[in-house]
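Order-wise, the sequence lines are chains A and B.
Counting in the working numbering, the first sequence runs from 83 upward without gaps.
Counting in the working numbering, the second sequence runs from 83 upward without gaps.
So the structure is just underneath, and the comments pick up after that.
Number of protein chains: 2
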Amino acid sequence: MVRRSGRAPTLATVAEEAGVSRQTVSNALNSPHLLRADTLDRVLRAIDVLGYSPNRAARSLRTRSSHLIGLRVEPVVDGNANPLMDRFLHSLVESSNEVGYHVLLFSADGASDPLAGYDDLLRSTAVDAFVVTDTYRGNPQAGWLEARGAPFVAFGRPWDEPGATHPWVDVDGRAGVRLAVEHLLERGHERIAWVGWQKGSFIGEDRRSGWHETMRTHGLPTTGLSARGEDTLEFGRRAARALLEAERPTAVVCASDTLAMGALHALSESGLRAGKDVAVVGFDDSVAAQVAPPGLTSVRQPLERVAVEVVRLLGKRLSHRPIDDPACLLAPTLTVRASS
Amino acid sequence: MVRRSGRAPTLATVAEEAGVSRQTVSNALNSPHLLRADTLDRVLRAIDVLGYSPNRAARSLRTRSSHLIGLRVEPVVDGNANPLMDRFLHSLVESSNEVGYHVLLFSADGASDPLAGYDDLLRSTAVDAFVVTDTYRGNPQAGWLEARGAPFVAFGRPWDEPGATHPWVDVDGRAGVRLAVEHLLERGHERIAWVGWQKGSFIGEDRRSGWHETMRTHGLPTTGLSARGEDTLEFGRRAARALLEAERPTAVVCASDTLAMGALHALSESGLRAGKDVAVVGFDDSVAAQVAPPGLTSVRQPLERVAVEVVRLLGKRLSHRPIDDPACLLAPTLTVRASS
DNA sequence: AGACTGGCTTGGAACGATCCACACGCGGAC
DNA sequence: GTCCGCGTGTGGATCGTTCCAAGCCAGTCT
Chain A
83 MVRRSGRAPT
93 LATVAEEAGV
103 SRQTVSNALN
113 SPHLLRADTL
123 DRVLRAIDVL
133 GYSPNRAARS
143 LRTRSSHLIG
153 LRVEPVVDGN
163 ANPLMDRFLH
173 SLVESSNEVG
183 YHVLLFSADG
193 ASDPLAGYDD
203 LLRSTAVDAF
213 VVTDTYRGNP
223 QAGWLEARGA
233 PFVAFGRPWD
243 EPGATHPWVD
253 VDGRAGVRLA
263 VEHLLERGHE
273 RIAWVGWQKG
283 SFIGEDRRSG
293 WHETMRTHGL
303 PTTGLSARGE
313 DTLEFGRRAA
323 RALLEAERPT
333 AVVCASDTLA
343 MGALHALSES
353 GLRAGKDVAV
363 VGFDDSVAAQ
373 VAPPGLTSVR
383 QPLERVAVEV
393 VRLLGKRLSH
403 RPIDDPACLL
413 APTLTVRASS
Chain B
83 MVRRSGRAPT
93 LATVAEEAGV
103 SRQTVSNALN
113 SPHLLRADTL
123 DRVLRAIDVL
133 GYSPNRAARS
143 LRTRSSHLIG
153 LRVEPVVDGN
163 ANPLMDRFLH
173 SLVESSNEVG
183 YHVLLFSADG
193 ASDPLAGYDD
203 LLRSTAVDAF
213 VVTDTYRGNP
223 QAGWLEARGA
233 PFVAFGRPWD
243 EPGATHPWVD
253 VDGRAGVRLA
263 VEHLLERGHE
273 RIAWVGWQKG
283 SFIGEDRRSG
293 WHETMRTHGL
303 PTTGLSARGE
313 DTLEFGRRAA
323 RALLEAERPT
333 AVVCASDTLA
343 MGALHALSES
353 GLRAGKDVAV
363 VGFDDSVAAQ
373 VAPPGLTSVR
383 QPLERVAVEV
393 VRLLGKRLSH
403 RPIDDPACLL
413 APTLTVRASS
């Protein structure tokens, strides 16, 4: 691989080097089966000698496709990273690279407008498709993109729009909590409490239903054993303490690791040992769950698989292949640690 | 803003709508000062009416610049996210969007080759510049890119190549630890131990020197008070326990939050209360530091500012403006919590 | 032998923007 | 009245790729 002149080699350079026409070189790259073996070989060698790579802008311009997938990163909330999104993003980048796509990140610069960025990238044909990640808070992205005919796949169910027909991938939170509750049942727990989020959060209600249903299926009580509030350490602590004093549960299942960490605080304040006196299970398998003493059992979302499925659906959508089942619900797993 | 036909409007469409030539429209966008006020106004109105955005591929092709910044995401280690990188990435996306750039992510698909991806994106003129984030492990990216004349800015010092002249931004780990130690000194601690990484890690030695220097400056002992090992919870726990038994330090400063969490484990196993009996300080201000009981004091890297500086340097580099000082070392802050 | 087929290759046009050189109109100076 | 200069606006060429229609050649069938 050697560079000749100051300027990067083009199709024409390669064609000259190989003694063929430009189109032949193009075919060697895009439809190699059209070439005779020896010609193909000669062209590939020339490509290698010159160190040629097709110019993406030119290709984009002609084919009207950038091989770029747009993903909007949401504003950081109070200085904290979103480790979930990070795991997802990594896997998304890898999966899409494998099929020849790259991920383009953009931000909601304009602040107020929830469509900020999408429109511009779409009109300037900068990306071929989007991955939409925040479908739950009543965001109009999905509907807007769909109306506009823009290809996209959502990570997250269209909770408030049951009529939506776009492809999506999501994690079955209910199944995850069921897993957690069944794990506790196996360990002999019967008084299992729930600490979750306020009503109105679709995801929160979904997770809670996993607890509620499983308890009822096993004929166990739920009344008085449920607390709801905001997703903070402090609420988790207060809720867990109140539950412990009033209802004496032997286990607490939480809608998030944050709440679960709060519950751990509450336990240690009451002189109770997590995992020995009272079991605690969280949700998301965050780093905190791994390193906080004594180690928090937690529901782990299969974000790597989510990304793979997202890319699979995107591929189908972009190649206009039929999408057999646009909905894909993945089951989480349970990572058991000392807290249960 | 209305769309007319099935196809997206082009410069020519806008020109026709406004009754001017294509170049005039182009000037309206790129050099508005060349137009008479009324003409400019007419063109802008036509742009708005048609909902026109310049085609990025065409612009890219002509100007030989994509307005894209490449960033390679490193493989995920044992299923964990890298929250630091996530914070940095968010801020990088925002900062670069503000100056009209987008971030393109790619992965090291080929695995072994440390230059995988860089070369391809560069040759295909897919990105204008790179942000390199892993300069410490003796990675050849920086040198290779520099030799190749490719614009890039590094997040991280060229530790092992003092002769490097490329622009970089980094966080002053030593100053961060100094901050931590001085904070402990103020609280009256004198026997302050260090739990860090093995020799050979530049970053590790840098952070450690912050402890060592500050202790010596204040005439305090360091012998026997330093432990080194791998960056795991378990090592942190073992090291802290050994130190506590042998040397009775009243405070422990750690090279990472992971180690610090291990130290917290060790304390609770020995029946000691973090922050009351023994103070613990971590590094990185991870989510774990915030939520783990009782709350871990930690050194916080100013990743948001790092990103801003990276973009600033990139901007200079790409506009061929002189870079007055290619090196930028930022000071961390200390987030104080109950563990100290 | 001539027509026809199929595999491979060819030059020209197109994608949509920017760069370049020139044309135009207008006012002021000689 | 002519010429120049300045501020604006114009058509044509260009970036590097892919699409298109047609060309070429060898081999086969009639």
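Glycine included, every Cβ here is placed at the ideal spot set by N, Cα and C.
Computed from a prediction, not measured in an experiment: that's the story for all the values here.
- Counting along the chain, aspartate 201 (chain B) sits inside the alpha helix (DSSP H) bounded by residues 200-205.
- At least one CB atom of chain B sits nearer than 8 Å to the CB of arginine 205 (chain A).
- Taking 8 Å as the threshold, the shortest C-beta distance from proline 375 (chain A) to chain B falls below it.
- Within chain A, the C-beta atoms nearer than 7 Å to that of asparagine 164 (chain B) come from Asp168, in chain order.
- Look at glutamate 99 (chain A): its C-beta is not under 8 Å from any C-beta on chain B.
- Put simply, the region 195-215 of chain A does not touch the region 202-214 of chain B. Fewer than three CB pairs are less than 8 Å apart.
- Distance from the CA of aspartate 339 (chain A) to the CA of valine 277 (chain A), rounded to the nearest whole angstrom, comes to 11 Å.
- Alanine 321 (chain B) sits in a helix when the DSSP states are folded into three classes.
- Taken atom to atom, the span from the alpha-carbon of threonine 92 (chain A) to that of asparagine 112 (chain A) is near 15 Å.
- In the three-state reduction of the DSSP assignment, asparagine 164 (chain B) falls in the coil class.
- A straight line joining the alpha-carbon of serine 422 (chain A) with that of alanine 224 (chain B) spans about 47 Å.
- Straight through space, the alpha carbons of valine 334 (chain B) and alanine 309 (chain B) are spaced by roughly 10 Å.
- For aspartate 202 (chain A), the C-beta contacts it makes with chain B under 7 Å involve Ser135, in order along the chain.
- Of the candidates B:Asp130, B:Asp359, B:Gly199 and B:Val235, the residue whose Cα lies closest to the Cα of glycine 270 (chain B) is B:Asp359.
- With a threshold of 8 Å between beta carbons, arginine 419 (chain B) makes no contact with chain A.
- In this model, alanine 348 (chain A) and arginine 319 (chain A) are separated by some 5 Å (Cα to Cα).
- The beta-bridge partner set that DSSP reports for arginine 382 (chain B) consists of B:Thr415.
- Between glycine 133 (chain B) and arginine 205 (chain A), the C-beta gap is smaller than 8 Å, which places the two residues in contact.
- Put simply, the backbone Cα of valine 390 (chain B) is about 7 Å away from that of leucine 174 (chain B).
- Cβ-Cβ distances below 8 Å link glutamate 329 (chain B) to Arg273, Ala275, Gly306 and Leu307 in the same chain, with the five nearest sequence neighbours on each side left out; the list follows chain order.
- Neighbours of histidine 347 (chain A) in chain B, taken as residues whose beta carbon is under 7 Å from its own, are Pro375 in chain order.
- Within the model, the alpha-carbon separation for lysine 281 (chain A) versus glycine 357 (chain A) is close to 29 Å.
- A direct Cα-Cα distance of roughly 26 Å separates leucine 197 (chain A) from proline 165 (chain B).
- Taken through DSSP and simplified to helix, strand or coil, alanine 128 (chain B) comes out as helix.
- Under the criterion of beta carbons closer than 8 Å, threonine 296 (chain A) and glutamate 264 (chain A) qualify as touching, at roughly 6 Å.
- Comparing alpha-carbon positions, the option among A:Val392, A:Ser350, A:Gly245 and A:Phe365 lying closest to isoleucine 285 (chain A) turns out to be A:Phe365.
- Among the residues facing chain A, valine 158 (chain B) is included, as its CB has a counterpart in that chain under 8 Å away.
- If you draw a 10 Å sphere on the C-beta of alanine 229 (chain A), you find fewer than 16 other C-beta atoms in it, and that means exposed.
- Of all residues in the region 317-328 of chain B, none comes within less than 7 Å of chain A when Cβ atoms are compared.
- Residues of the same chain with a CB within less than 8 Å of the CB of proline 240 (chain A), apart from the 5 flanking positions on each side, are Thr217, Ala224, Ala246, His248 and Trp250 in chain order.
- At a cut-off of 8 Å between beta carbons, serine 350 (chain A) contacts chain B.
- Of the residues assessed, arginine 289 (chain A) falls on the buried side of the cut-off, its CB having 16 or more other CB atoms within 10 angstroms.
- Per DSSP, the beta-bridge partners of phenylalanine 188 (chain B) are B:Arg154.
- Any Cβ of chain A closer than 8 Å to the Cβ of alanine 370 (chain B) would place that residue at the interface, and such an atom is present.
- Counting C-beta atoms within 10 angstroms of its own C-beta, alanine 337 (chain B) has 16 or more neighbours from the protein chains shown and is therefore classed as buried.
- Remark: C-beta atoms of valine 102 (chain B) and isoleucine 129 (chain B) do not approach each other more closely than 8 Å.
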